[in-house]
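>
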Amino acid sequence: MQDTLRITEVFYSLQGETRTAGLPTVFVRLTGCPLRCQYCDSAYAFTGGTVRTLDDILEQVASYRPRYVCVTGGEPLAQPNAIALLKQLCDAGYEVSLETSGALDISAVDPRVSRVVDLKTPGSKEVNRNRYENLDLLTANDQVKFVICSREDYDWASSKLIQYGLDRRAGEVLFSPSHHDLNARDLADWVVADNLPVRLQLQLHKYLWNDEPGR
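Under the UniProt record's numbering, think of the first position of the sequence shown as 1, with each following residue one higher.
1) Should Y68 and T25 be called a contact, given that it needs their Cβ atoms to be closer than 7 Å?
2) Terminal residues of the continuous beta strand (DSSP E) containing I148?
3) Under a Cβ-count criterion, where at least 16 other Cβ atoms within 10 Å of its own Cβ denotes burial, should S159 be classed as buried or exposed?
4) Does the beta-carbon distance from W156 to T100 come in below 7 Å?
5) Take the Cβ of D118 as the centre, count every other Cβ of all protein chains shown within 10 Å, and call the residue buried at 16 or more, exposed below.
6) Near L77, which residues of its chain fall below 6 Å by C-beta distance, leaving aside the five closest residues on each side in sequence?
7) Contact between the stretch 70-84 and the stretch 181-191 is defined here as three or more beta-carbon pairs at a separation below 8 Å; is this criterion met?
8) For the candidate residues P197, R131, L23, whose alpha-carbon lies nearest to that of G165?
9) With 16 as the cutoff for other CB atoms within 10 Å, does E59 come out buried or exposed?
10) How about S97 and L137: are their beta carbons less than 7 Å apart?
11) Assuming R151 is part of the alpha helix (DSSP H), what are its boundary residues?
12) Taking the alpha carbon of residue 221 as the reference point, which residue from L30, V51, K125, A140 has its own alpha carbon closest?
13) Answer yes or no: do Q143 and E172 have a C-beta to C-beta separation smaller than 7 Å?
14) With a Cβ-Cβ cutoff of 7 Å, do V147 and S178 count as a contact?
15) Going by DSSP, which residues form a beta bridge with D118?
16) Bridge partners of residue 219, per DSSP?
17) Terminal residues of the continuous beta strand (DSSP E) containing L35?
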């Protein structure tokens, strides 16, 4: 019996965020998530999907001849076989990233993968799900993301940045305005005023394609 995963979609588009923003990337979106963030833009991936073998997924990814592959969700790590998929994608020579909520253990993820750990702010309504043990595992290959919904979220994220020295643990710390909750210019002004060692991140795909699935 071959290993399988429940997949919502596999598609080729531009990466809309993280350090590879703007680069053509294959996205492998896994189905299911134990969190319910109030701003989630991929709720269609909570249920449904299609059970596929890892070989089948890898074959479709290869058909696009990509350099970059992003495994996302949902929450990919909610499916144990995501670990095997990530390893096999790295073995195939792709530059691989994982978008994870940070609520689940990242220790088993192949070190070649850039783990994009989303530290949930109070405005997400899931702040109590943060697994802070993950922060001790971060390397320069990893990225930490905060989705900021308000000034209160910004102050909270800034305090976590300082408390855990995230700019020294991870290669990138990303502050992203929640698209419908916070004006991006306000966040930019706060970051500049406080001289924070973070990268302001706008979700490129939202400006190009709104929240259209498969883009």
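Glycine is no exception: its CB is placed at the ideal position from the N, C-alpha and C atoms. Please read these numbers as outputs of a predicted model, since none were measured by experiment.
Quick look at the numbers:
1) yes
2) 143-148
3) Around the CB of S159, fewer than 16 other CB atoms lie within 10 Å, so the residue is classed as exposed.
4) no
5) buried
6) T100, L104
7) Taking 8 Å as the limit for Cβ pairs, the verdict is that the stretch 181-191 does not touch the stretch 70-84.
8) P197
9) Exposed: under 16 other Cβ atoms inside 10 Å.
10) no
11) 151-163
12) Past the edges of the chain, shown from 1 to 215, lies residue 221, and the structure says nothing about it.
13) yes
14) yes
15) K145
16) With the chain covering 1 to 215 only, the question about residue 219 has no answer from this structure.
17) L35 -> no beta strand (DSSP E), and no H or E assigned at all.
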